[in-house]
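Residue numbers for the sequence shown follow full-length UniProt numbering, beginning at 1 and rising by one.
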Amino acid sequence: MTTRDQIHAYFEAFNAGDTAAMLEMVSEEVAHHVNQGGVRRGKARFAEFNAHMTKCYRELLTDVEVFVGEDPTRAAAEFVVNGEYLTTDEGLPEARGQKYVLPAGSFFELKDGRISRITTYYNLEDWIAQVSA
Numbered sequence: 001m002t003t004r005d006q007i008h009a010y011f012e013a014f015n016a017g018d019t020a021a022m023l024e025m026v027s028e029e030v031a032h033h034v035n036q037g038g039v040r041r042g043k044a045r046f047a048e049f050n051a052h053m054t055k056c057y058r059e060l061l062t063d064v065e066v067f068v069g070e071d072p073t074r075a076a077a078e079f080v081v082n083g084e085y086l087t088t089d090e091g092l093p094e095a096r097g098q099k100y101v102l103p104a105g106s107f108f109e110l111k112d113g114r115i116s117r118i119t120t121y122y123n124l125e126d127w128i129a130q131v132s133a
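Structure below.
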């Protein structure tokens, strides 16, 4: 499977809500860099993050474009997050089922056929404005 195929498969699993498939695609020592947050290291922490996100948000990623450089161990993607805020996330505005649309991007590193780093960025202020309206 090519790097491009792996990243597309990751996003397809995300959109299907198949966090088990996402976990299969990442390395045991995955480094997950979350927008404006810390780094979660390891598959267990990544699984915890996914469970939390599934509880608080329902999201579908559209307009996914994957970019792979000359080095096939690194890739990037841009996409649009179409979401619904389900349950209040600590430190954020109260959830009332608000819908949001947010451009975002992720960077990936692969090692030994698995995703070893995921770094995701989006505009948190834009998201807060949308769910606070």
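From the three backbone atoms N, C-alpha and C, an ideal C-beta is built for every residue, glycine too.
Legend entry - Among Leu61, Val66, Glu125 and Gly113, the one whose alpha carbon lies nearest that of Leu92: Selected option, being the one with the closest Cα: Glu125.
Inset, instruction - Between the Cα of Glu12 and those of Gly97, Lys111, Thr62 and Gly38, spot the shortest distance and give me the residue it belongs to. - result: Cα-wise, what sits closest to Glu12 is Thr62.
Inset, instruction - Drop a sphere of 10 angstroms on the beta-carbon of Ala44, count the other beta-carbons inside from all chains shown, and report buried for 16 or more, exposed for fewer. - result: Around the beta carbon of Ala44, fewer than 16 other beta carbons sit within 10 angstroms, so the residue counts as exposed.
Inset, instruction - Could you tell me the distance, in whole angstroms, from the CA atom of Glu59 to the CA atom of Glu29? - result: The straight-line gap separating the alpha-carbon atoms of Glu59 and Glu29 is approximately 25 Å.
Legend entry - Buried or exposed (CB count within 10 angstroms, at least 16 for buried), residue 134: Past the boundaries of the shown model lies residue 134; the chain is included only from 1 to 133, so the question cannot be answered.
Legend entry - Test item: CB-CB of Lys55 and Thr87 under 7 Å: Cβ atoms of Lys55 and Thr87: closer than 7 Å.
Inset, instruction - Have a look at the DSSP bridge pairing and note the partners of His32. - result: Beta-bridge pairing links His32 to Arg40 and Ile118.
Inset, instruction - Find out if the Cβ-Cβ distance for the pair Ala76, Phe107 is shorter than 7 Å. - result: In this structure, Phe107 lies closer than 7 Å to Ala76 by Cβ.
Legend entry - Secondary structure of Arg4, DSSP reduced to three states: Helix, per DSSP.
Legend entry - Cβ pair Val81, Leu102 closer than 7 Å: Yes, the Cβ-Cβ distance between Val81 and Leu102 is below 7 Å.
Legend entry - Assigned secondary structure, Ala63 (DSSP; H/G/I helix, E/B strand, else coil): Per the sequence shown, the amino acid found at residue 63 is Asp instead of Ala. If DSSP states are grouped into helix, strand and coil, Asp63 belongs with the strands.
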